[in-house]
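What follows is a single structure, written as structure tokens, with notes after it.
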Amino acid sequence: MGIFEDTVTKARELLSETGKATGEVIAVQKLKFEATSLKSAIRKNYELLGQYTYRSVVNEEDNAEAVKALTQEISEQSAKLKSMQEEIASSKGKVICECGGVNNADAKFCSTCGKELK
Ligand SMILES: [Zn+2]
Numbered sequence: 013m014g015i016f017e018d019t020v021t022k023a024r025e026l027l028s029e030t031g032k033a034t035g036e037v038i039a040v041q042k043l044k045f046e047a048t049s050l051k052s053a054i055r056k057n058y059e060l061l062g063q064y065t066y067r068s069v070v071n072e073e074d075n076a077e078a079v080k081a082l083t084q085e086i087s088e089q090s091a092k093l094k095s096m097q098e099e100i101a102s103s104k105g106k107v108i109c110e111c112g113g114v115n116n117a118d119a120k121f122c123s124t125c126g127k128e129l130k
């Protein structure tokens, strides 16, 4: 292979690697954005839950159904957020402990609570 072909091949390889890395960065950025939106949606649902609870006490409204539905929605959103945060952490070579502590992927124990990491 001549010098020119060699350079072209190397440039193509580099471009392909860079493209791949850029794609990953964009995917993580998108995930971070979605996680932020989800966090805000969860906060709004907690606020709504508080309003329903408050009104059921003050005005003696029966909001049991709404409270139940909101509680379930918050649980589902929180589970989704947790898995998104784990994905974001793993893209940075980190793992999240059950306690919420962020550790290096090769850590044997959590630096926050001391629990053994799997
Ligand atoms: Zn921990």
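Residue numbering for the sequence shown follows our numbering, starting at 13 and increasing by one per position. For each residue, glycine too, the CB sits at the ideal point set by N, CA and C.
Just how far apart, CA to CA, sit residue 45 and residue 15? Here residue 45 corresponds to residue number 33 of the sequence shown, with the count starting at 1. Here residue 15 corresponds to residue number 3 of the sequence shown, with the count starting at 1. About 44 Å.
Could one say the Cβ of residue 118 lies closer than 8 Å to chain D's Cβ atoms, at least one of them? The structure shown contains no chain D, having only a single protein chain.
Using 8 Å for Cβ pairs, my map puts residue 91 next to residue 106. What's the rounded Cβ distance? As a first step, residue 91 must be located in the sequence shown, where it is residue number 79. As a first step, residue 106 must be located in the sequence shown, where it is residue number 94. Their Cβ separation, rounded to whole angstroms, is 20 Å, which puts residue 91 and residue 106 out of contact at 8 Å.
Could you give the DSSP three-state label for residue 17: helix, strand or coil? As a working note, residue 17 is residue 5 in the sequence shown. Correct three-state label for residue 17: helix.
CB contact flag (residue 47, residue 97, <8 Å): Taking the sequence shown and counting its residues from 1, one reaches residue 47 at position 35. Taking the sequence shown and counting its residues from 1, one reaches residue 97 at position 85. Yes. Within cutoff.
Report the option in 55, 109, 102, 64 whose CA atom is closest to the CA atom of residue 40. For the purposes of this step, residue 40 is identified with residue 28 of the sequence shown, where counting begins at 1. The candidate whose alpha carbon is nearest that of residue 40 is 102.
Go through the region 90-130 residue by residue and report every complete run of the alpha helix (DSSP H) that reaches 4 residues or more, in order. none
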